[in-house]
Every structure is written in structure tokens, then in C-alpha cells.
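J.: Structure below; questions to follow.
Protein chains: 2
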Amino acid sequence: MAPANAAVKIPVEMPVVEKRVRNRAATEQAILDAAKRLLAEEGFQNFGINAVARGAGCDKQLIYRYYGGLDGLVEAIGTDLGSWVTDRIPDDTGGMFLLTYGDLMERLSMLFLDALRADPLMRRIVAWEVSENSEQVRRLSEARSKALAGWIERMRGSLAPPKGVDAQAVNAMIFAAIQHIVLASAVSDQCSGLALKNGRDWEKAATALKRIVRGVYG
Amino acid sequence: MAPANAAVKIPVEMPVVEKRVRNRAATEQAILDAAKRLLAEEGFQNFGINAVARGAGCDKQLIYRYYGGLDGLVEAIGTDLGSWVTDRIPDDTGGMFLLTYGDLMERLSMLFLDALRADPLMRRIVAWEVSENSEQVRRLSEARSKALAGWIERMRGSLAPPKGVDAQAVNAMIFAAIQHIVLASAVSDQCSGLALKNGRDWEKAATALKRIVRGVYG
DNA sequence: CCAATCTGTCACCGATCGGTGATTAGCAAG
DNA sequence: CTTGCTAATCACCGATCGGTGACAGATTGG
């Protein structure tokens, strides 16, 4: 990538062109990977057929042929997404004994917070969900929330929320807070005046979150 | 240049063209209004020079002349935004006596929730904030958070948060939850499995929110 | 061997984008 | 009326977008 004479145009053709092998499965995977990578790194703003084709190093025609266009490609991403929770979030209690519903929710909150912070693709998708209402996004959103709900159900086991508390609504609030705070931190390192840069900042955020959980569930 | 026999052109002009008056101030206002309207109704996705010019019914050149381009126009929106809080959110206690910090935060939460639900422009801007990191958005974000912080400070009066609680972090969580839940409801009528459609749904959400506030601040 | 099929590439379309120079049209002072 | 200023429009540019039809090269079955 560093020719001695930095002329504007390269006069000779690239000698070794990395001859593209004829392999449909590999190409499909390359397209899917490029799409996920692009979405994670660049966001949904400039996410389009041309960009994905460029990223995958192939012609956009193949995206139409193999995935039926962007819609099909996004749907394929959504299918992959189903395994996100099981991949990125531990499915056990981490050796802890979750005796109360409060224990459970505190742990779920921390796991979800860390997992979301660590996954740029998922962050972009969440941001997409609250920014657009297309069919594409609805599919993604559905796949994500279904996987998430399944995970919570699995972790919950036989623990029941305390009487007199609308656990569904409260939990929605808690997860909403986590999602928004992680999204905000990813673009501006802060949220509502709260710095979210280094580990200590996140310690404070996590503490506040646990405080909230414990305040409701004891 | 302008032959009388313009065969391809439309033969009859639009009968009443609403003859445009030469009035710079009015045009500037029309542009600003169109920009705010477009952003509120269509979102930031298709927000651009051409769209605003179309919406304002003038040539895009005028946007460059009067606002120095989209950036300046967005900045003008941000300036307007400063008065959002004072316009849309009551600045008094609504006749209540806020005796404790918990009273205060409960009331602030409700006010902010209702105000955000009622303001599509502000919702779009919040969604924009968590989706993009351009200079434009940073300006908007700053103006918004500054106005919000000022409002909170004004309402707070001399009430101090209880010792042992990181009020800044906890409040950031609460406001994050409100923002995310309102954004989600605006595009999909739900959030994390919690329906957010009719008034009863919102009652439940508000109750959960108050529960959280009271759980932390008593 | 030929022919059909599959993978991949290329060229091109119309539409829209952001942006800019040149031009027209209304108004007021001289 | 003429002159000058300015609001407003028009015409055009290159770039990029999503989308499609035609074509080239490899693979495979007969």
C-alpha cells in the first residue's frame, strides 16, 4: 500500500488480483459479514446496497440475487441476532445464588448493561429502532426483543416479583434506562450531564442502577 | 432562450400562484418553520437542504444566504430550543408543596414525561442525538441539555437529595428511562414488551416511574 | 464435445442529493 | 425615468443513490 512513486493513477494493473473464487456460500457470508460490520461501525444512516457491496468487495447485483435486496439482507441479520443473547450474555447465574427477585433483576441489569456496552451492532440496532419505523426495523426489533424476553424468562426461573409491583412496567423502565444511557454514551460520552467515559463513571452508573433496582424490589 | 412555443412545457401556468412577497424576515421565518416541521414530522433521516427548501416553498439558495447552510439552520433551531423547557414545562410546582427531594423528582419526572410525549420535534432531536455524532447534533444536544439542566436547577430550589445517594447518576437513569420509553412508544407503541398505546398503558408506565423514584428517594 | 447452468462483473438508467454561479424581478432613492 | 440594491429564482454541476439488463467466465451434466 506504499508505492515509491505516489503517482495519481496506478499505471500497471495490480499484479496479483486476489482472484475471486467462485463460491456462493462464501460470498453470501462475506455479504452478511460486511453488512453487520457496516451497520455496527457506520450506523444505519449510510447503510445501503452500494455501501454493503463495497464493503463485501462484490457487485451489488449479488445482494439482490442472494438476499433479494436490502430487506432480505436485514432479515438475515435479524436471524443471526436471535443468537446474540445466548452468545453474549451468560445464561447461568454466574455461580451466585439468586434468592430474591431483587437479586435476579440486579444481576440481569448488570449483564445487560455490560453486554450492550460491548456490542456496537446491537447498539446501532437499538438506535435504529427508536429512529425509524420501516418494515426492516420492525423485523429487527421483533427478533431482538423476542430473544431478550426469552433470556429473561429463562433466567427468571421460578422467582416471582413481589406483590403490589407492576414488574413488567418497572422492568421496562429499567431496561429503557440502560439502553438509552448506553446509546448516549456511545455518541457523546455522557447522558443528562452524567459523564460516561472511563471505568469509574460506569461504576457510578452501575451503582445508581443497582440502587434503583433495590429501591423497587428490595 | 425563452421561445414562445414551449411545446414541452405546461401550457397554462398555475392560476393563482400565491404571489410571493419580497420580505426577507418572513422568508427566514418560513424556512425555520419548515425546518422544524420537517424534522418533527419526517425525522432527521430525510432532513436536508432540498427538503427544507421544498417545505418552505422557496429556493434552497435562500437557506445558504440567510442561514449559511444546513448547519446554521440547525443552530437556529437549537436557539429556539432554549425556550422549549420554559414554553412546554410548567416552571412552578403546580400548587403543590414539594417538601422532599422525592416529591420534587416525582413531579419532575411526570412533567418531563408528559412534555416529551407531547412534543414530536423534541423526540426527533433526542433520537437524533443517540444516532449520530455530527457537529450539528452536538449543538442541538448541548442546547437541549443546558435548558433542561437549568429547569431542574430552578425547580430544585433549596431541596437537597438525601445523603448516600448519587442523585446525579440516579436522575440521569430516570431521565434516560423516560426518554427511551417515549421514543420507543412513538415508533412502535411499546417498549421491552410493555404496551404504550392508550392512556391506561401510560398510567401504568407513570406508576412504575413514580415507584422507582420513591424507591430511591423515599 | 457441446450446452446449460451458475457465479460474478460491467454499464447504464432515472432520481435525488448538496452546492454554486448567473439571472430575473420588485422596491426605493436620486 | 434611471440607477442601484436586494430578494428570489433558475439552471446547472458532479456525486451518489437504488435498481436492472446484458454479458463474461467457470462448472457441470449429458
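Those protein sequence lines, which keep their order, are chains A and B.
Each step along the first sequence adds one to the number in the working numbering, with nothing skipped, and position 106 is 98.
Each step along the second sequence adds one to the number in the working numbering, with nothing skipped, and position 170 is 162.
Note that CB positions come from ideal geometry on N, CA and C, so glycine has one too.
In this text, all values refer to a predicted model and were calculated from it rather than measured experimentally.
For Ala139/B, which residues from the same chain have a beta carbon less than 7 Å from its beta carbon, with the 5 sequence-adjacent residues on both sides left out?
T.: Here residue 139/B corresponds to residue number 147 of the second sequence, with the count starting at 1. Excluding sequence neighbours, Ala139/B sits near Leu73, Gly74, Trp76, Val77.
J.: Which of helix, strand or coil does DSSP assign to Leu257/A?
T.: Residue 257/A falls outside the range modelled here, since chain A spans only -7 to 210, and no answer is possible.
J.: Measuring CB to CB, does Phe215/B end up less than 7 Å from Ile170/B?
T.: In this structure chain B extends from -7 to 210, so residue 215/B is not present and cannot be described.
J.: Under 7 Å between C-beta atoms, does Leu100/B make it to chain A?
T.: On the second sequence, residue 100/B is found 108 positions in, with the first residue counted as 1. When Cβ-Cβ separations below 7 Å define contact, Leu100/B makes no contact with chain A.
J.: Taking only beta carbons into account, state which residues of the segment 170 to 192 of chain B come closer than 7 Å to chain A, listed in chain order.
T.: Gln171, His172, Ile173, Leu175, Ala176, Val179, Ser180, Cys183, Ser184, Gly185, Leu186
J.: Are the beta-carbon atoms belonging to Asp111/A and Arg146/A less than 7 Å from one another?
T.: Position 119 of the first sequence, counted from the first residue, corresponds to residue 111/A. Position 154 of the first sequence, counted from the first residue, corresponds to residue 146/A. It is not a contact, given that the beta carbons lie outside the stated cut-off.
J.: Is there contact here, the segment 200 to 208 of chain A with the segment 15 to 24 of chain B, by at least three beta-carbon pairs under 8 Å?
T.: The segment 200 to 208 of chain A makes no contact with the segment 15 to 24 of chain B; the number of CB pairs closer than 8 Å stays below 3.
J.: State the Cα-Cα distance for the pair Met97/A and Asn38/A, rounded to the nearest angstrom.
T.: Counting from 1 along the first sequence, the entry for residue 97/A is found at position 105. Counting from 1 along the first sequence, the entry for residue 38/A is found at position 46. If I take the Cα positions, the gap works out to 37 Å.
J.: Closest Cβ-Cβ distance between Asn38/A and chain B: below 7 Å?
T.: Start at 1 with the first residue of the first sequence, and residue 38/A comes out as number 46. Not an interface residue.
J.: Between Gln160/B and chain A, is any beta-carbon pair separated by less than 7 Å?
T.: As a first step, residue 160/B must be located in the second sequence, where it is residue number 168. Interface residue, yes.
J.: Give the C-beta separation of Trp120/B and Leu132/B to the nearest angstrom, bearing in mind that I take them to be a contact with Cβ-Cβ under 8 Å.
T.: In the second sequence, residue 120/B corresponds to position 128, counting from 1. In the second sequence, residue 132/B corresponds to position 140, counting from 1. So it is a contact: roughly 7 Å between Cβ atoms.
J.: State the DSSP-derived secondary structure class of Val162/B, mapped to helix, strand or coil.
T.: Translated into the one-based positions of the second sequence, residue 162/B becomes position 170. Helix.
J.: For a test of the three-state rule: what should DSSP assign to Leu91/A, helix, strand or coil?
T.: Counting from one through the first sequence, the residue named residue 91/A turns up at place 99. Residue state, collapsed to three classes: coil.
J.: Please state if the CB of Leu30/A and the CB of Ala43/A are separated by a distance shorter than 7 Å.
T.: Numbered from 1 along the first sequence, position 51 holds the residue referred to as residue 43/A. Numbered from 1 along the first sequence, position 38 holds the residue referred to as residue 30/A. Yes, they are a contact pair.
J.: From the DSSP output, in three-state form, read off Asn125/B for me.
T.: As a position in the second sequence, residue 125/B is number 133, starting the count at 1. Residue state, collapsed to three classes: coil.
J.: Along chain A, in chain order, which residues have C-beta atoms closer than 8 Å to that of Glu124/B?
T.: In the second sequence, the residue the question calls residue 124/B occupies position 132. By Cβ distance, chain A contributes Gly35, Gln37, Val179.
J.: Express the C-alpha separation of Gly61/A and Asn15/A in angstroms, rounding to a whole number.
T.: What you label residue 15/A is simply residue 23 of the first sequence in a count that begins at 1. What you label residue 61/A is simply residue 69 of the first sequence in a count that begins at 1. Cα-Cα distance, rounded: 19 Å.
J.: For Asp84/B, does the three-state DSSP call read helix, strand or coil?
T.: Locating residue 84/B in the second sequence gives position 92, where the first residue counts as 1. If DSSP states are grouped into helix, strand and coil, Asp84/B belongs with coil.
J.: In chain A, what lies closer than 8 Å to Arg203/B by C-beta?
T.: Start at 1 with the first residue of the second sequence, and residue 203/B comes out as number 211. Ordered by position in chain A, the residues that pass the 8 Å Cβ test against Arg203/B are Val157, Asp158, Val162, Val208.
J.: Would a check of beta-carbon distances place Ala43/A closer than 7 Å to chain B?
T.: Here residue 43/A corresponds to residue number 51 of the first sequence, with the count starting at 1. So, not an interface residue.
J.: Just reading off the alpha helix (DSSP H) that Arg29/B is part of, what are its end residues?
T.: Reading the second sequence from its first residue, position 37 is the one you call residue 29/B. 16 to 34 is the span of the alpha helix (DSSP H), which, as asked, contains Arg29/B.
J.: Can you name, in chain order, every residue of its own chain whose Cβ lies under 7 Å from the Cβ of Pro(-5)/A, other than the five neighbours on each side?
T.: Along the first sequence, one-based indexing puts residue -5/A at 3. Reliability of the predicted coordinates at Pro(-5)/A is poor, the pLDDT of 41 falling under 50, and the value obtained from them is presented with this limitation in mind. There are no such residues.
J.: Which chain A residues sit within Cβ distance under 7 Å of Phe167/B?
T.: If you number the second sequence from 1, residue 167/B lands on position 175. Under the 7 Å cutoff, chain A gives Ser184.
J.: Do Ala164/B and Ser123/A have their C-beta atoms closer together than 7 Å?
T.: Here residue 164/B is taken as the residue at index 172 of the second sequence, counted from 1. Here residue 123/A is taken as the residue at index 131 of the first sequence, counted from 1. In this structure, Ser123/A does not lie closer than 7 Å to Ala164/B by Cβ.
J.: Give the DSSP-derived three-state secondary structure of Pro153/B in the structure shown.
T.: Indexing the second sequence from 1 puts residue 153/B at position 161. Coil.
J.: Can you pull the chain A neighbours of Glu121/B, defined as C-beta to C-beta under 9 Å?
T.: Within the second sequence, numbered from 1, the residue matching residue 121/B stands at position 129. Near Glu121/B (Cβ distances below 9 Å), the residues of chain A are Leu175, Ala176, Val179, Ser180.
J.: Grab me the residues of Tyr58/B's own chain with a C-beta within less than 6 Å of its C-beta, minus the 5 sequence neighbours each way, in chain order.
T.: On the second sequence, position 66 is the one that residue 58/B refers to. Hits under 6 Å: Glu20.
J.: Of all the CB atoms in chain B, is at least one closer than 7 Å to the CB of Ala141/A?
T.: One-based indexing of the first sequence puts residue 141/A at position 149. Yes, contact with chain B.
J.: In angstroms, rounded to a whole number, what distance separates the CA positions of Thr199/B and Val162/A?
T.: For this step, residue 199/B is matched to residue 207 along the second sequence. For this step, residue 162/A is matched to residue 170 along the first sequence. Rounded to whole angstroms, Thr199/B and Val162/A show a C-alpha spacing of 9 Å.
J.: How long is the line joining the alpha carbons of Leu90/B and Ile144/B, rounded to whole angstroms?
T.: For the purposes of this step, residue 90/B is taken as residue 98 along the second sequence, with counting starting at 1. For the purposes of this step, residue 144/B is taken as residue 152 along the second sequence, with counting starting at 1. Roughly 13 Å separates the two Cα atoms.
J.: In the DSSP assignment, find the unbroken alpha helix (DSSP H) run with Gln53/B in it and report its ends.
T.: As a first step, residue 53/B is located in the second sequence; it is residue number 61 there, counting from the start. Note, Gln53/B: alpha helix (DSSP H), 52 to 59.
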